[in-house]
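Residue numbers (our numbering): 202 to 484. Cβ coordinates follow ideal geometry from the N, Cα and C atoms, glycine included. Down below is the structure, laid out as structure tokens.
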Ligand SMILES: Nc1nc2c(ncn2[C@@H]2O[C@H](COP(=O)(O)OP(=O)(O)OP(=O)(O)O)[C@@H](O)[C@H]2O)c(=O)[nH]1
Ligand SMILES: [Mg+2]
């Protein structure tokens, strides 16, 4: 029998992340220079599996992921699949995909960034960039102005969310790329940005994705155990019974630092019975 040794790919690979419908799969196709990932034509979320594609000519890999904050409540399933999938890949960077036409940083997007902070590691965000899709504007001057606003506002805001989440400062300045990923009508700016993205993605070493663990709940940052003791005394004839009851409960802290309390449950007890009154009465 011939055993084929599986050689791990060392092609630098980008992971596309972001909100449903913002254009991850379309960007994936744009970077691969062919229609490979399924792109949605409606508002329904399209991608349900994490998938890798390779652009052999540019020597770059792209991983498309399902958007989180899915309306059908499949976030946990999607998250677990993403982690399992990327753990053995040669990941060098992440691109957060944002729709250029959105006029403000939605609550949803903020929530999603916190989820990514919760499921990935701090180091990954030093290798993260922002890609604005649907980035086109007839008026060049207006386009440059909008790009500059996006860069200033989004960079600062997203950096702040990440740094607050980890309570650590990023080295990264969050590079911003602007593309219109329509393969049938590619403009010069997008072509240039594609090369910029690929060069940027190749400038990093592999991230340590093997160490990622799967959490039971992608929105829970951490859980901690709290205990309390109940002390009581019972009298039984000439005997005193000292009673200690030990209770525990779990406190869950979510990505917004809100706390949820589990119910108290008895996990141990002890009883101490001793005579405290003599049986005979002395006159
Ligand atoms: N013209 C244009 N259309 C875009 C661009 N990016 C995305 N779209 C369109 O936006 C819709 C959603 O894009 P998708 O790539 O499917 O979005 P997604 O982020 O993969 O969504 P999920 O798979 O649901 O997470 C599709 O109809 C795309 O054709 C862009 O840069 N230009
Ligand atoms: Mg998709």
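Bounding residues of the alpha helix (DSSP H) (the contiguous stretch that carries residue 225): Its alpha helix (DSSP H) spans residues 225-233.
Could you check which residue in 269, 294, 400, 265 has the C-alpha nearest to that of residue 410? Per the Cα distances, 294.
Residue 297 - DSSP class collapsed to helix/strand/coil: Reduced to three states, the DSSP call for residue 297 is strand.
Cutting at 6 Å between CB atoms, please list the residues of its own chain near residue 282, excluding the five before and the five after it. If the five residues before and after residue 282 are omitted, its C-beta is found closer than 6 Å to the C-beta atoms of 251, all from its own chain and listed in chain order.
Nearer than 6 Å: is that true of the beta carbon of residue 402 relative to any heavy atom of ligand 1? No, Cβ of residue 402 sits at least 6 Å from all heavy atoms of ligand 1.
Kindly examine ligand 1 and report whether one of its heavy atoms sits closer than 6 Å to the Cβ of residue 293. Not under cutoff, so the answer is no.
Around the Cβ of residue 370, are there at least 16 other Cβ atoms within 10 angstroms (buried) or fewer (exposed)? Around the beta-carbon of residue 370, fewer than 16 other beta-carbon atoms lie within 10 Å, marking it exposed.
Should residue 422 and residue 452 be called a contact, given that it needs their Cβ atoms to be closer than 7 Å? Not closer than 7 Å, so no.
Boundaries of the alpha helix (DSSP H) in which residue 358 is found, first to last residue: Unbroken alpha helix (DSSP H) run through residue 358: 341-367.
Considering only residues of the same chain and omitting the five flanking positions on each side of residue 434, which have a CB-CB separation below 8 Å? Around residue 434: 441, 442, 443, 444.
Suppose you measure from the CA of residue 220 to the CA of residue 469; what does that come to, to the nearest Å? One C-alpha to the other measures close to 46 Å.
If we ignore side chains and look at the alpha-carbon of each, how far apart do residue 299 and residue 461 end up? When rounded, the separation of the alpha-carbon atoms in residue 299 and residue 461 is 31 Å.
Cβ pair residue 378, residue 348 closer than 7 Å: Note that the C-beta distance between residue 378 and residue 348 is not below 7 Å.
Pairs of beta-carbons, one from the region 379-389 and one from the region 334-342, closer than 8 Å: are there three or more? Proximity of the region 379-389 to the region 334-342 meets the contact definition, three or more beta-carbon pairs being nearer than 8 Å.
Taking three-plus beta-carbon pairs below 8 Å as touching, is the region 308-326 in contact with the region 229-248? Counting Cβ pairs under 8 Å, fewer than three are found: no touch.
Under 7 Å, do residue 448 and residue 465 count as touching if we go by C-beta distance? Result yes, Cβ atoms of residue 448 and residue 465 sit closer than 7 Å.
Assuming residue 408 and residue 320 are in contact, meaning their beta carbons sit under 8 Å apart, how far apart are those beta carbons, in whole angstroms? About 14 Å separates the CB atoms of residue 408 and residue 320; that is not less than 8 Å, and the two are not in contact.
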